[in-house]
Structures are given as C-alpha cells and as structure tokens.
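Visitor: Mind looking over this structure? Questions follow.
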Amino acid sequence: MGNSFGKLFKISTFGESHGEGLGVIIDGCPAGLEIDEAFIRNEMQRRKPGQSKITTQRKEEDEFRILSGVFEGKSTGTPIGMVIMNTDQKSKDYGHIADKYRPSHADYTYQEKYGIRDYRGGGRSSARETSARVAAGAIAKMLLKHFGISIQAYVSQVGDLKLDKTYQELDLEQTEQNIIRCPDPEMAEKMIDFIDDIRKSRDTVGGVVACVAKGVPAGLGEPVFDRLNAELGKAMLSINAVKGFEYGSGFEGVKMRGSEHNDAFYTEGERVRTRTNHSGGIQGGISNGEDIYFKVAFKPVATIMIDQESVNEAGESVTVSGKGRHDPCVVPRAVPIVEAMGALVLADYLLLSRSNKL
C-alpha cells in the first residue's frame, strides 16, 4: 500500500499528523550494529518543528522510543520498532476545512482514493510522517558510517537566492551553524531575512536542498529498473513538497558538449578515478566510487495564511482560510529528511551489493 521502502534494508512507516503518534519498523538491519540513541535524538532535533522563527511553531520534541530489535546497545538482527508520540496536536485548527479542499494539498486526491480522509493536518499526507523516516535514516547512517560512508545535505537556494558555489568550494561544517542550514554565512543571512519577510506577508516560498555522499564504493546499483540514481530519485520524490530531482550535472548538463561532459578515467594508486564528476558518482545506474551529489527542489508550502478560492465535497464554491502552524519555507527542516532518505537508499544498496558476487 505504498508505506514501505527498500529491499534488504526495508522500512515501513505508520501514523498521522494528529493521531496518537507515528512510527517505523526497520527490517533487515544487520545484527551487531552499535545503536547510538544520542545520535538518533540529534537527528530528530534537526527535523522537529518549532526550531526557529522561520519554521512552524508547533512544539513537538519528537522524543522516540525503541521498542524492539536492540539489546545492550546493539542491533539484534530482528525488526527494529520505533515510535514518536504526538504531544502538541491542535486538531481544532482544521475543523473549518473538514469538508473543503485546500489548494495544492492532498485533500481532494485522498478523498477520491479512499472515500474518507483525516483532515487534521492532512493526516497521513502530512510532512509529520517524515519524522519516522528520519529516525530510520539515523540508523542507516550508522550502518554507512561503519563502512566509511557519509552523507550531508544543505540549503543551496531559497526563492531566487541561490548559492553559486559547488559543494567542494563550501565548508559544509558550517551548515548547522545557522537556522537556514546554508553553509555560506553571508547567503544564509539573506535567506533568513527573505523567509522572515515571506512569513510576515502570510505567504510561503520554496527552495533547493543539495546533498553529497562521500566514501561510496564503486559497484552499488542494480541494472535497468533499479539503478542507483533511479532509486535516489524515487526516494527524494517521495518526500512531501518535492517537485524535482537532479544528480550530477543535471539539467545544466544539456548545455555542454559530449567532449566537455565526459568524465575521463585515470588511475590513482590502485583506484580508478575520474578527472571530472559530471556523472555525479553514478554511471550506468551504478556508483563509480566518486562523490554522489544531487539536488532536490521543494515547492512553496501549500498552506498559506491568505484566503483562497476552492470547492467543498459537494462541489460548491467556498473560501479556504489558512489557519494552524505551518512552515513559511520547508527547506531548513528538509535537510535531515533528504539525508535520511539518501542514507536509506545507500544502506539498502550496500547490503544488496554484498550478494552480487562471490
């Protein structure tokens, strides 16, 4: 029913925005992995609402409980179950749209698909579901770290404000030093002021999250339909509000000639390298050992504090008034979500690669 992701390192999430809580079951995590709960907690804090003036003011600490699959600080090889309880639901904020369809939300499509919908914060369609993904992604990151692989995302664009620097030119250690999660301090201030102005005007704005994975070995990815880039694209496009995904040179690559775009091979000791990396670390759907980098585009948050025309379940014209607590721009909190989904893909394909040959 579309609530599970992955093949060997597989997750299934459950829960709604204003229900009792949310959770995830991780099946396929190898036994013996050290589970650092402090690290999981930190990842959850990076995604949680109410972090700053440019995020939703819903107050959820996103405390989690591990129910199974971990004993004496290590994974046991059995399913890992985790829950995150909701504590600051204000369902009354949504009573006015119980029978109305909010523009660009999933209200109408969920009603058509199921014949019933949880209108409280969007129910299952809410971005609050991603808290379970971040919890699972934290464990995937631990697995990747065991094999020397890291993944880091950052905000590279908000509206028209765009970083012109590549990730190699940035100090990614600066990413968590500001509330927008942009590793360029000067641009970060501009982005923060811009989002704050958008918030004050009761509107929203979109942006781009860039991500890079380092230390990925060559050989991850499956032929044809299960290419590594295809799975990364699916993972990113499954995140709420995502409208686009590109890796490597992406859409800018169309401006280049083949003689410019081709990544020439050379040897460095016993390792085969490429002099450029327009491929984004993936060729033929399989990792080539270079850095994997990609970008994810997020639309403006659909809930705005401005009256909008719409229709109700009876097909009658109505006015939808924005209420509740919502992000004026989703990208600051999307950074750990992008990392989590990227980590889940890489962890899954890392385990799959260990079954590809003797």
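For the sequence shown, the numbering used here begins at 26 and goes up steadily by one.
Just so you know, even glycine gets a beta-carbon here, dropped at the ideal spot from N, CA and C.
(1) What is the DSSP secondary structure of residue 150, reduced to helix, strand or coil?
(2) Have a look at residue 48 and residue 282 and give me their C-alpha separation to the nearest angstrom.
(3) Mind checking whether residue 249 and residue 323 have CB atoms under 9 angstroms apart?
(4) Determine the extent of the beta strand (DSSP E) in which residue 333 is found, giving its start and end residues.
(5) Taking residue 201 as the reference, which of 76, 50, 257 and 56 has the closest Cα?
(6) Starting from the Cα of residue 195, find the closest Cα among 203, 179 and 185 and give me that residue.
(7) From the DSSP output, read off the bridge partner residues of residue 236.
(8) Measure the beta-carbon distance from residue 62 to residue 99 and round it to whole angstroms, keeping in mind my assumption that it falls under 8 angstroms.
(9) Under the DSSP definition of a beta bridge, which residues are partnered with residue 292?
(10) Roughly how many angstroms lie between the CA atoms of residue 326 and residue 309, to the nearest whole one?
(11) Establish whether the CB of residue 166 and some CB of chain D are separated by less than 9 angstroms.
(12) Any chance the stretch 226-233 sits against the stretch 329-336, with 3 or more Cβ pairs inside 8 angstroms?
(13) In the DSSP assignment, find the unbroken beta strand (DSSP E) run with residue 37 in it and report its ends.
(14) Residue 127: buried (16+ other C-beta within 10 angstroms of its C-beta) or exposed?
(15) Note down, in chain order, each residue of its chain lying with its Cβ closer than 8 angstroms to the Cβ of residue 159, except the 5 sequence neighbours on either side.
(16) Can residue 186 and residue 216 be called in contact, C-beta distance under 9 angstroms?
(17) Just list the residues that DSSP pairs residue 59 with in beta bridges.
(18) Determine which residues share a DSSP beta bridge with residue 29 and list them.
(19) In angstroms with no decimal places, state the Cα-to-Cα distance between residue 30 and residue 139.
(20) Exposed or buried, what is residue 290 when buried is set at 16 or more other beta-carbons lying within 10 Å of its beta-carbon?
(21) What separation, rounded to the nearest whole angstrom, lies between the Cα atoms of residue 212 and residue 184?
(22) Return the first residue and the last residue of the beta strand (DSSP E) that residue 434 is part of.
(23) Name the DSSP beta bridge partners of residue 52, please?
(24) In terms of DSSP beta bridges, what is residue 106 paired with?
(25) Is it true that the CB of residue 374 sits closer than 9 angstroms to the CB of residue 271?
(26) Are at least three pairs of beta-carbons, each pair with one atom in the stretch 294-311 and one in the stretch 251-259, less than 8 angstroms apart?
(27) Could you spell out where the beta strand (DSSP E) holding residue 342 opens and where it closes?
(28) Given a cut-off of 9 angstroms, decide if residue 205 and residue 356 are closer than it, judged by their beta-carbon atoms.
(29) What are the boundary residues of the beta strand (DSSP E) that includes residue 272?
(30) Which residue marks the beginning of the alpha helix (DSSP H) containing residue 162, and which one marks its end?
(31) Report the option in 79, 97 and 46 whose CA atom is closest to the CA atom of residue 86.
(32) Would you decide whether residue 372 is buried or exposed? Buried here means 16 or more other CB atoms lie within 10 Å of its CB.
(33) Using 9 angstroms as the threshold, is the C-beta distance between residue 54 and residue 168 below it?
(34) CB residue 305 to CB residue 314, shorter than 9 angstroms?
(35) What residues in its chain sit with their C-beta under 8 angstroms from that of residue 260, if we drop five residues either side in the sequence?
(36) Return helix, strand or coil for residue 307, following the three-state DSSP convention.
Guide: Reading it off the structure:
(1) Counting from one through the sequence shown, the residue named residue 150 turns up at place 125. For residue 150, the secondary structure class from DSSP, reduced to helix, strand or coil, is helix.
(2) Counted from its first residue, the sequence shown places residue 48 at position 23. Counted from its first residue, the sequence shown places residue 282 at position 257. Between the alpha carbons of residue 48 and residue 282 lies a distance of about 48 angstroms.
(3) Translated into positions along the sequence shown, residue 249 becomes position 224. Translated into positions along the sequence shown, residue 323 becomes position 298. 9 angstroms or more divides the Cβ of residue 249 from the Cβ of residue 323.
(4) The sequence position of residue 333 within the sequence shown is 308, counting from 1. Residue 333 -> beta strand (DSSP E) spans 333-336.
(5) Within the sequence shown, residue 201 is the residue found at index 176, counting from 1. Among 76, 50, 257 and 56, the Cα nearest to that of residue 201 belongs to 76.
(6) Sequence index remark: in the sequence shown, residue 195 carries index 170 (1-based). Its Cα nearest to that of residue 195, the residue 179 stands out among 203, 179 and 185.
(7) Residue numbering aside, residue 236 sits at position 211 when the sequence shown is read from its first letter. Residue 236 is bridged to 178 and 319.
(8) Here the question's residue 62 lines up with position 37 in the sequence shown. Here the question's residue 99 lines up with position 74 in the sequence shown. Incorrect: roughly 12 angstroms between the Cβ atoms, too far for contact.
(9) For the purposes of this step, residue 292 is taken as residue 267 along the sequence shown, with counting starting at 1. In the DSSP secondary-structure assignment, residue 292 is bridged to 297.
(10) Residue numbering aside, residue 326 sits at position 301 when the sequence shown is read from its first letter. Residue numbering aside, residue 309 sits at position 284 when the sequence shown is read from its first letter. Residue 326 and residue 309: Cα-Cα distance of roughly 35 angstroms.
(11) Looking at the structure shown, chain D is missing, and only one protein chain is on hand.
(12) Yes, they touch.
(13) Looking up residue 37 in the sequence shown gives position 12. Taken as a continuous stretch (DSSP letters only), the beta strand (DSSP E) holding residue 37 covers 35-40.
(14) As a first step, residue 127 is located in the sequence shown; it is residue number 102 there, counting from the start. With 16 or more other Cβ atoms within 10 Å, it is buried.
(15) The count along the sequence shown starts at 1 and reaches residue 159 at position 134. Here residue 159 has 68, 69, 71, 72, 361, 362 and 365 as same chain residues with Cβ atoms under 8 angstroms from its own Cβ, once five neighbours each way along the sequence are excluded.
(16) For the purposes of this step, residue 186 is taken as the residue at position 161 of the sequence shown. For the purposes of this step, residue 216 is taken as the residue at position 191 of the sequence shown. For residue 186 and residue 216, yes; Cβs fall inside 9 angstroms.
(17) Indexing the sequence shown from 1 puts residue 59 at position 34. Residue pairing by DSSP places residue 59 opposite 99 in a beta bridge.
(18) Residue numbering aside, residue 29 sits at position 4 when the sequence shown is read from its first letter. DSSP links residue 29 through a beta bridge to 37.
(19) As a working mapping, residue 30 is identified with position 5 in the sequence shown. As a working mapping, residue 139 is identified with position 114 in the sequence shown. Computed Cα separation, rounded: 21 angstroms.
(20) Mapped onto the sequence shown, residue 290 falls at position 265. Looking at its Cβ environment, which holds fewer than 16 other Cβ atoms inside 10 Å, residue 290 is exposed.
(21) Taking the first residue of the sequence shown as position 1, residue 212 is located at position 187. Taking the first residue of the sequence shown as position 1, residue 184 is located at position 159. Cα to Cα, residue 212 sits roughly 12 angstroms from residue 184.
(22) Since the first and last residues shown for the chain are 26 and 383, residue 434 lies out of range.
(23) Taking the sequence shown and counting its residues from 1, the one referred to as residue 52 is at position 27. Per DSSP, 35.
(24) Translated into positions along the sequence shown, residue 106 becomes position 81. Partner(s): 50 and 93.
(25) One-based indexing of the sequence shown puts residue 271 at position 246. One-based indexing of the sequence shown puts residue 374 at position 349. Cβ atoms of residue 271 and residue 374: not closer than 9 angstroms.
(26) Enough Cβ pairs lie closer than 8 angstroms, so yes.
(27) Counting from 1 along the sequence shown, the entry for residue 342 is found at position 317. Segment 342-345, the beta strand (DSSP E) holding residue 342.
(28) Stepping through the sequence shown from its first residue, residue 356 is reached at position 331. Stepping through the sequence shown from its first residue, residue 205 is reached at position 180. Against a cut-off of 9 angstroms, the Cβ pair of residue 205 and residue 356 comes out as a contact.
(29) Sequence index remark: in the sequence shown, residue 272 carries index 247 (1-based). Residue 272 -> beta strand (DSSP E) spans 267-272.
(30) The sequence position of residue 162 within the sequence shown is 137, counting from 1. Membership of residue 162 in the alpha helix (DSSP H) is indicated by the continuous run 155-171.
(31) Your numbering for residue 86 matches position 61 in the sequence shown. The closest CA to that of residue 86, considering only 79, 97 and 46, is found on 46.
(32) Residue numbering aside, residue 372 sits at position 347 when the sequence shown is read from its first letter. By the 10 Å Cβ count, residue 372 comes out buried.
(33) As a first step, residue 54 is located in the sequence shown; it is residue number 29 there, counting from the start. As a first step, residue 168 is located in the sequence shown; it is residue number 143 there, counting from the start. Yes; because the gap between Cβ atoms is below 9 angstroms, this pair is in contact.
(34) Residue 305 sits at position 280 when you count from the first residue of the sequence shown. Residue 314 sits at position 289 when you count from the first residue of the sequence shown. Going by C-beta atoms, residue 305 is not nearer than 9 angstroms to residue 314.
(35) Position 235 of the sequence shown, counted from the start, is the residue given in the question as residue 260. If you ignore the 5 residues before and after residue 260, its C-beta comes within less than 8 angstroms of the C-beta of 30, 366, 367, 369 and 370, all in its own chain and listed in chain order.
(36) Mapped onto the sequence shown, residue 307 falls at position 282. Residue state, collapsed to three classes: strand.
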